[in-house]
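Heads up: the structure comes next, in structure tokens.
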Amino acid sequence: MILLKSERLYFRPLGVEDVDLFVQLLRRNRDFWTVHEPRHPESFYTREVQLEKLAEAQAQLKLGKEYSWGIFLSDSNELIGSISIYSIRRLPFSSAYIGYSLDYSKTMQGFGTEAVTAALRFAFRDFGLHRMEALVSPRNLASIKVLEKVGMQQEGRLRQNLFINGVWEDHFLYSMIEDDF
1 MILLKSERLY
11 FRPLGVEDVD
21 LFVQLLRRNR
31 DFWTVHEPRH
41 PESFYTREVQ
51 LEKLAEAQAQ
61 LKLGKEYSWG
71 IFLSDSNELI
81 GSISIYSIRR
91 LPFSSAYIGY
101 SLDYSKTMQG
111 FGTEAVTAAL
121 RFAFRDFGLH
131 RMEALVSPRN
141 LASIKVLEKV
151 GMQQEGRLRQ
161 NLFINGVWED
171 HFLYSMIEDD
181 F
């Protein structure tokens, strides 16, 4: 099990014991997160579906294709979000994407920046990746701020890249290479 730590947070893979808390987090942030990601069917917000997703994440971990963690406050052990390094590609690419979600009540407090920094540190220093990428909606100003604050650079705009809530949405592509970290 790969654990990460930062100043105020710790990160660990979610287990069966966390599913109920994670479902609560998803339900609490449904409207907040749906602005920037596809609307999920009601079944997505159930224990059963999240147990399936947990098993899928564990299978991806075993294949070396994805690392996913819950984000927890160190002082209270409260689950406040999740972060993943996914679509991992080995040489000749040695790259992956980073994605993250924070509880609405925990935004604008530096937790996103802290979490992304910790995940990038793992990706570059511990896992040995060369390049990390992130896709972000041009309307997601808070996430853009996080990516820029950690030093990721905008490389361009991917036109009509993701189908979100009935509309093809553009996304910015951000990246960082290990030498920039």
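Counting from 1, position 126 in the sequence shown corresponds to residue 126 in full-length UniProt numbering; the numbering is continuous, with no gaps. Glycine included, C-beta positions come from ideal geometry on N, C-alpha and C. Source: prediction; values computed, not measured.
According to DSSP, what are the bridge partners of residue i?
i, result
"tryptophan 69", "Ile83"
"phenylalanine 93", "According to DSSP, phenylalanine 93 bridges with nothing at all."
"serine 175", "Glu133, Gln153"
"valine 167", "Ile164"
"arginine 12", "Gly70"
Checking 9 Å against the spacing of the C-beta atoms, do residue i and residue j come in under that value?
i, j, result
"asparagine 29", "tyrosine 104", "yes"
"glutamine 58", "proline 13", "yes"
"serine 101", "arginine 8", "no"
"serine 82", "alanine 96", "no"
"valine 167", "threonine 113", "no"
"arginine 47", "aspartate 18", "no"
"glutamate 155", "leucine 162", "no"
"methionine 132", "isoleucine 177", "yes"
"glycine 128", "serine 94", "yes"
Mind checking which residues open and close the beta strand (DSSP E) that includes residue i?
i, result
"arginine 47", "Taken as a continuous stretch (DSSP letters only), arginine 47 belongs to no beta strand (DSSP E), being part of the alpha helix (DSSP H) at 47 to 62."
Over what stretch of residues does the alpha helix (DSSP H) that includes residue i continue unbroken?
i, result
"leucine 25", "19 to 28"
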